[in-house]
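Line by line, the protein sequences are chains H, D and Z.
Under our numbering, think of the first position of the first sequence as 18, with each following residue one higher.
Under our numbering, think of the first position of the second sequence as 76, with each following residue one higher.
Under our numbering, think of the first position of the third sequence as 740, with each following residue one higher.
Note that beta-carbon positions come from the ideal geometry of N, C-alpha and C, so glycine has one too.
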Amino acid sequence: MKNFLALIAVMGCVFLAGAVASAQEGMLSDEEGLRILRETPVNVPELIEKVTRGVVVVQPILVEGVAAAEFGGLGSGFVIDKQGHIITNTHVAGKASVAQIVFWDGYSARATLVAAAPHYDIALLKLDSPDPDHLFPVPLGDSDRVKPGDLALAMGAPGSMEGFNIDRSNPLEAYGLRSTATMRVISGRYTDIDFQVIQNYYLRGSYGLDYAMYLPYVFRTQAPINPGNSGGPLFNRHGEVVGINTWGGSHMLSQQSNFSVPINSAKSFVVEVLEHKRQDIPWLGIHCIFPPNITNPEAFIEFKERFRPEGLWVYSVEPDSPAEAAGLRDGDEIVALNGNAPPTPEALRLEVLQGEIGVEYFLGVRRGHYEFTIRLFTVPKPDYIANFSV
Amino acid sequence: MWPHKMAARLFSLAVITAVLLTSAAASAQNADVSGWELNYASDVAAQMLKPSVVFIETRFDRPRNDTEYAIWSYFRGARPLYGLYGSGFIYKDPKYVITTPFLLTHAEYIRVITSDGRAFPAKIVDEDDVFKTAVLEVDWGYHYEPVPALLASSEDLRLGEPITILGYDTEGVDYVSTVGVISAIRKEMPSVEEPTEQYIQFDAAYELPMMGGPLANIKGEVVGIVYGTVEDFYQSNVNLAVPINDLVRVADRIISGEAKKPWFGVETLWLTDQIRLLNKVPGRVENGVFITYIEPGSPADLAGLLPGDVILGMDGLAFAYYFDYKAFMRRVDIGQVVRVSYWRYTSGVTEAPGTTDQDIYETVVQILEYPEEDEDEEGEGGMPPHHGH
Amino acid sequence: MSLRWTNVGMALILCFAVVTTAARADFVAVEVAEMAKDSVVTIEAVSLSLTAVSLTSRQQRIVQSYDTGLILNKEGYILTDAASLEDVEALEVTLADGRKFSAEIVVQDEGYSLGLIKLKEPPADLQVAKFALGEPVRQGESVVVVGTAGGYGHTVSYGIVSAIRTVRLESGQLVPDMIQSDVVVNTGNEGSPLFNANGEVVGIQAVFGGGSAMGMQNVTFFMPATLVKKVVDQLIETEEPAFRPWLGIMPYSGSFGMFGLRELSDDLRMYMNLPDEYWDVGMLIYDVWEGSPAYEAGLRYQDFVVEINGELLKSIGQLEKIIYESEEGDLLVFSLIRRDRYREVECEVGNHPEEMLMFYF
């Protein structure tokens, strides 16, 4: 009996020693970190197998009826439901009413353009006759919960401008490296409006991407994407789409700094379009970021860095807007928003854009010696307004 | 006897099984941790370090159009440039913020903006251009509690280790995290102006506003500071960081006020065939540091060294590479006494046996403190002092 | 009863072993770097010249270029890319531990863009790279590039396999299972080895897709290990460029410059009076290179090939693949239609000539 006890005691000590030895190798001290740690590790090949059948190549077909396998005319997309709806970018598919869709195995089918939101750079297509053997919609995630550093897997068909070709007998294989997967992380959000404006003005003007005006933010991702990836999905580690790869920011001075439209914007767009046949942007009509007379990017940087005063000021009020109706005037200072301290102008813009239409806002206003509160609701932004009014 | 033995054996088997199961449970716990590390995602590190990573904004004494800042102008779209911007992190002593000296050139006003958007004024304590470290002292006020970054040792960094770099974008609005691995741990690289003792090359995507930000391991512990990239047509993602061990040594010295530069007083070149030929250095002197200039009054001058001497080694360490000499010089302390072994041209010494090695001498040098010199205003921000070590 | 101390000892060892091996596995790039480093070497292409003024007759060593090499076997054969061996006077190889050895060029294979060199006096403890010849890599699998950069040691980069697809090398050689990866390759030249999580070579860099500076982010192609091994075995044995199966046929090219079956218009098919079963298959031969195996076999312009080895020819890619998989001397049976008559022609697979004939396969 004594021997047994001795044996157990010794084994117990050995076990403890081993446990302590392996535990010493750097346990996190932060409880929060440990909690996040317990997620299952990502098996990337399995993750790709799960989602690859929902990722497609989108080739817009021009009116003349000729397949447009031309430079830049190729993009990516993904299937979102069993009816055969496909999401891609407007700058990929928005110019044509019909597109050729190529699936992971080379099978191709036709799809029609349902709607395009150019200011979001999102377009919705629908397969004319979805084939059940090629209908594998991908789950959509929640882009609000995405944090900097989350795993990001981008899939699509880059190389639309290169001829790495491949099977010379198949024109569909001519351009674009179909079913390419790249993986890094989501670097963070990109809410910086000035830079979006500059980039838009200098680099993207020809595409007309003015989503800086409408999107609250885009994701910045390190996952390498190239022309041809546009419209393709950005997956998180669970295989849910959290972004639509829209724009590659690769130039000499930046490394893998690419942008994806958050999926929540796409979700609301799709819902609005399928239900109401139109999509509306919430709007108040206040120019609070910079005055409307500034149209030149350098001028607004200058204004923002040197002349813009602290606090939330109204530089101008759009005619026929909720702000005008509520009595807001140029030169007013907004001192409270819904009872809280006033946010920065950019934060107000984010708040309005991410809210619904018809949401009520109480603004505390100071005009000269007077302080009063006004109440206003967001309305749909009129199509003819193409400026940075909030 | 028989059943007793059986029972004994069964019992010991049961005990062993029990212990194995519990250790299996323990290993499963450990497996969770290991599984996360294999993810390559940096969300934990990004979250843990977020309160400690700050955005640094400076304002110049006057608007500037200098070409060395042209890149900042490109990103800003504004001319002229009013100041620079980049990243930094709160040091283990939370009164201080660490960043890289280039961001602080010509700065008249400096402010530090934390992840929650609050701005605080800061002033420069001191900078070290060799180790790309600058220490700022921040006035946090009475109500703010700065969160110091967790530091780890860079001794154990391994090739291929996953790392993340953190910083802010051009406006300081968005917190940015990119991920990569340690591509190389080097001692010298020709295209870097001033090589550090050891620097880390990594392939995480780097952008200009992330300069000065921390390089962290996947657990959220800082192992280095990001200071730049090497641009080349055929390469990409060749990004550089200074290891934390060097940084801490320098920062601690700066903070404790001991950051006086040690002074030796020579300007040197590595021994090449050309120098060898012109100065009649014999072939048996294979490697050495050729002295081209001795500063008057310097410790080298006082020890009797002359231009034309070739330093062969110090304190018993023979210099096989130029790097060895430079590394040694970076480690000396003020007041330290160093034995210097050198070659000097001595007539009458030939290759014949009996007379060789009579031109190898030894002397003793005491390292002094670098004498005070005027601040250089014009554009010498990133350059080391001109006068040798 | 008495307990054997051997039993106790074994139990103790077992417990300790179980508990401590529960220690963490490391990130794949760290482990691979550890395993692979010793088989990756730096090759310095040196030009030796005596400096006229050097009294000590020292040779001035000017390094022309640095390249990455992979140790193939104990005899000291090292794999690199063909371009780095152009106009090289002398080669020096630096191992991972710093030891230097001189090497000589064995052969340069332009077709596969590979070069083979050999250490003149290989040491006994060379670490040989292991090639992964079993299961092919899967899309999404972790891969690590271990290369050398400029003589300053090893560089490591991590990524995943982006895709496996058919790509054409610069020489025109088809590689059907080329590995596309998003690793960052910084050695600046071809020939860098790609390793899997087990430290085995799965690919050798073939086409430089570029980092962000060159416009395309992180698209690099690696020749699969099975192909490389096949080529390398031939290079070592014959010291001649490896066999590249070739016939010498240029098919009809349509409006997009593509050799498309779809490019064959319906009118053309009607003119040729094709029977129904061949309506949407087949390849029209546009030209046959003189002296090529196809020429010797008698294939000529306007032959309409409908079957290869008894199988209907549905795409050019199909024929290219068949050719790619052939060995020297294999016979391919072409069923074709020439002037309304059905014929069968046997063609022997030959070796690709030295010239780069882009449109003939």
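Is it buried or exposed for Glu1029(Z), if we count other Cβ within 10 angstroms and need 16 for buried?
Here residue 1029(Z) is taken as the residue at index 290 of the third sequence, counted from 1. Counting Cβ neighbours within 10 Å, Glu1029(Z) comes out exposed, since fewer than 16 surround it.
Closest Cα partner of Met962(Z) within the set Pro1014(Z), Pro875(Z), Leu974(Z) and Asn1012(Z):
Here the question's residue 962(Z) lines up with position 223 in the third sequence. It is Pro875(Z).
Could you please give the first and the last residue of the uninterrupted beta strand (DSSP E) stretch that includes Leu988(Z)?
The count along the third sequence starts at 1 and reaches residue 988(Z) at position 249. A small fix is needed here, since residue 988(Z) is Ile in this sequence, not Leu. Per DSSP, Ile988(Z) belongs to the beta strand (DSSP E) from Ile988 to Pro990.
Of all the alpha helix (DSSP H) runs that stay within the bounds of the stretch 303-328 of chain H, which reach a length of 4 or more residues?
Counting whole runs of 4 or more residues, the stretch 303-328 of chain H contains the alpha helix (DSSP H) stretches 314-319.
Pro154(H), DSSP secondary structure in three states:
As a first step, residue 154(H) must be located in the first sequence, where it is residue number 137. Pro154(H) falls in the coil class under three-state DSSP.
What residue range is occupied by the uninterrupted beta strand (DSSP E) comprising His293(H)?
Here residue 293(H) corresponds to residue number 276 of the first sequence, with the count starting at 1. Run containing His293(H): none in the beta strand (DSSP E); it sits in the alpha helix (DSSP H), Ile280 to His293.
Helix, strand or coil at Ile65(H) [DSSP, three-state]:
Within the first sequence, residue 65(H) is the residue found at index 48, counting from 1. In this structure, Ile65(H) counts as helix in the three-state DSSP scheme.
Would you be able to state if there are at least three C-beta pairs under 8 Å between the stretch 907-915 of chain Z and the stretch 853-863 of chain Z?
No: fewer than three Cβ pairs fall under 8 Å.
Within chain Z, the residues that Lys278(D) reaches when beta carbons sit closer than 7 Å:
For the purposes of this step, residue 278(D) is taken as residue 203 along the second sequence, with counting starting at 1. Checking the displayed sequence, the identity of residue 278(D) turns out to be Asp instead of Lys. Residues of chain Z passing the Cβ test: Ser896 and Val923.
Assign His181(D) to one of three DSSP states: helix, strand, or coil.
Locating residue 181(D) in the second sequence gives position 106, where the first residue counts as 1. In this structure, His181(D) counts as coil in the three-state DSSP scheme.
Quick one: is Tyr224(H) near chain Z, going by C-beta distance under 9 Å?
Position 207 of the first sequence, counted from the start, is the residue given in the question as residue 224(H). Any reading at Tyr224(H) is ruled out, since the residue's pLDDT is 38, under 50, leaving its predicted position unreliable.
Considering only C-alpha positions, which residue in the set Gln239(H), Gly205(H), Pro250(H) and Ile65(H) is nearest to Ile97(H)?
If you number the first sequence from 1, residue 97(H) lands on position 80. Taking Ile97(H) as reference, the option from Gln239(H), Gly205(H), Pro250(H) and Ile65(H) with the minimal CA-CA separation is Pro250(H).
Span of the alpha helix (DSSP H), counted from its first residue to its last, around Asp399(D)
Position 324 of the second sequence, counted from the first residue, corresponds to residue 399(D). Counting along the chain, the alpha helix (DSSP H) containing Asp399(D) begins and ends at Tyr397 to Arg406.
With 16 other CB atoms within 10 Å as the buried threshold, where does Phe177(D) fall?
Locating residue 177(D) in the second sequence gives position 102, counting from the first residue. With at least 16 other beta carbons inside 10 angstroms of its own, Phe177(D) counts as buried.
Just the C-alpha distance for Arg366(H) and Ile188(D), rounded to the nearest angstrom, thanks.
Stepping through the first sequence from its first residue, residue 366(H) is reached at position 349. Stepping through the second sequence from its first residue, residue 188(D) is reached at position 113. Their backbone Cα atoms lie some 21 Å apart in a straight line.
Arg206(H), enclosing beta strand (DSSP E) - first and last residue:
Sequence index remark: in the first sequence, residue 206(H) carries index 189 (1-based). Note, Arg206(H): beta strand (DSSP E), Thr197 to Tyr207.
For the stretch 161-177 of chain H against the stretch 244-264 of chain H, are there 3 or more C-beta pairs whose distance is under 8 Å?
Enough Cβ pairs lie closer than 8 Å, so yes.
Check the DSSP bridge columns for Val413(D) and list the partner residues they point to.
As a working note, residue 413(D) is residue 338 in the second sequence. In the DSSP output, where bridge partners are listed per residue, Val413(D) has Val440(D).
Tell whether a beta-carbon distance below 9 Å holds between Val382(H) and Phe389(H).
Indexing the first sequence from 1 puts residue 382(H) at position 365. Indexing the first sequence from 1 puts residue 389(H) at position 372. In contact: Val382(H) and Phe389(H) (Cβ atoms closer than 9 Å).
How is Ile391(H) classed by DSSP in three states: helix, strand or coil?
Indexing the first sequence from 1 puts residue 391(H) at position 374. In the structure shown, Ile391(H) falls within a strand segment according to DSSP collapsed to helix, strand and coil.
Please identify, using Cβ separations under 8 Å, the residues of the stretch 1085-1098 of chain Z that lie next to chain D, in order along the chain.
Going along the stretch 1085-1098 of chain Z in chain order, one finds no residue with a Cβ nearer than 8 Å to chain D.
Under 7 Å Cβ to Cβ from Pro284(D), same chain only, skipping five residues before and after it: list those, please.
In the second sequence, counting from the first residue as 1, residue 284(D) sits at position 209. Beyond the five residues adjoining it in sequence on each side, Pro284(D) comes within less than 7 Å, by CB distance, of Tyr160, Gly161, Ser162, Gly242, Tyr243, Asp244 and Thr245 in the same chain, given in chain order.
Where Glu1029(Z) falls: helix, strand or coil (DSSP):
Locating residue 1029(Z) in the third sequence gives position 290, counting from the first residue. In the structure shown, Glu1029(Z) sits in coil (DSSP, three-state: anything other than H, G, I, E or B).
Taking 9 Å as the threshold (beta carbon to beta carbon), is Glu773(Z) in contact with chain H?
In the third sequence, residue 773(Z) corresponds to position 34, counting from 1. Nearest CB-CB separation between Glu773(Z) and chain H: not below the 9 Å threshold.
So is Phe379(H) buried or exposed if we call it buried at 16+ other beta carbons inside 10 Å?
For the purposes of this step, residue 379(H) is taken as residue 362 along the first sequence, with counting starting at 1. Phe379(H) should be labelled exposed.
Ile391(H) versus Val376(H): straight-line alpha-carbon distance, rounded
For the purposes of this step, residue 391(H) is identified with residue 374 of the first sequence, where counting begins at 1. For the purposes of this step, residue 376(H) is identified with residue 359 of the first sequence, where counting begins at 1. The C-alpha of Val376(H) is placed about 14 Å away from the C-alpha of Ile391(H).
Going by the CB atoms, is the gap between Tyr897(Z) and Val906(Z) shorter than 9 Å?
Counting from one through the third sequence, the residue named residue 906(Z) turns up at place 167. Counting from one through the third sequence, the residue named residue 897(Z) turns up at place 158. Contact flag unset, no.
Determine, for Gln296(H), whether the minimum Cβ-Cβ distance to residues of chain D falls below 9 Å.
Start at 1 with the first residue of the first sequence, and residue 296(H) comes out as number 279. Under the Cβ distance rule, Gln296(H) does not count among the residues neighbouring chain D, no pair being separated by less than 9 Å.
Less than 9 Å between the beta carbons of Val163(H) and Ile203(H), yes or no?
In the first sequence, residue 163(H) corresponds to position 146, counting from 1. In the first sequence, residue 203(H) corresponds to position 186, counting from 1. Contact: yes.
Whole angstroms is fine: what's the gap from Asn404(H)'s alpha carbon to Arg406(D)'s?
Taking the first sequence and counting its residues from 1, one reaches residue 404(H) at position 387. Taking the second sequence and counting its residues from 1, one reaches residue 406(D) at position 331. As the crow flies, the alpha-carbon of Asn404(H) is around 59 Å from that of Arg406(D).
Any beta carbon from chain Z within less than 9 Å of Ile203(H)'s own beta carbon?
Translated into positions along the first sequence, residue 203(H) becomes position 186. The Cβ of Ile203(H) sits no closer than 9 Å to any Cβ of chain Z.
Who pairs with Gln100(H) in a beta bridge, going by DSSP?
Taking the first residue of the first sequence as 1, we reach residue 100(H) at position 83. Listed as beta-bridge partners of Gln100(H) by DSSP are no residues whatsoever.
Could you confirm whether any beta carbon from chain D is found closer than 9 Å to the beta carbon of Gln371(H)?
Position 354 of the first sequence, counting from 1, holds the residue named residue 371(H). Answer no: the Cβ-Cβ gap between Gln371(H) and chain D never drops below 9 Å.
Which term fits Arg193(D), buried or exposed, when burial requires 16 or more other beta carbons within 10 angstroms of its beta carbon?
For the purposes of this step, residue 193(D) is taken as the residue at position 118 of the second sequence. Flag for Arg193(D) reads exposed.
Anyone know if the C-beta pair for Leu290(D) and Ile240(D) falls short of 9 Å?
For the purposes of this step, residue 290(D) is taken as the residue at position 215 of the second sequence. For the purposes of this step, residue 240(D) is taken as the residue at position 165 of the second sequence. Less than 9 Å separates the beta-carbon of Leu290(D) from that of Ile240(D).
Tyr231(H): first and last residue of the uninterrupted alpha helix (DSSP H) it sits in
Counting from one through the first sequence, the residue named residue 231(H) turns up at place 214. No alpha helix (DSSP H) contains Tyr231(H), which DSSP labels as neither H nor E.
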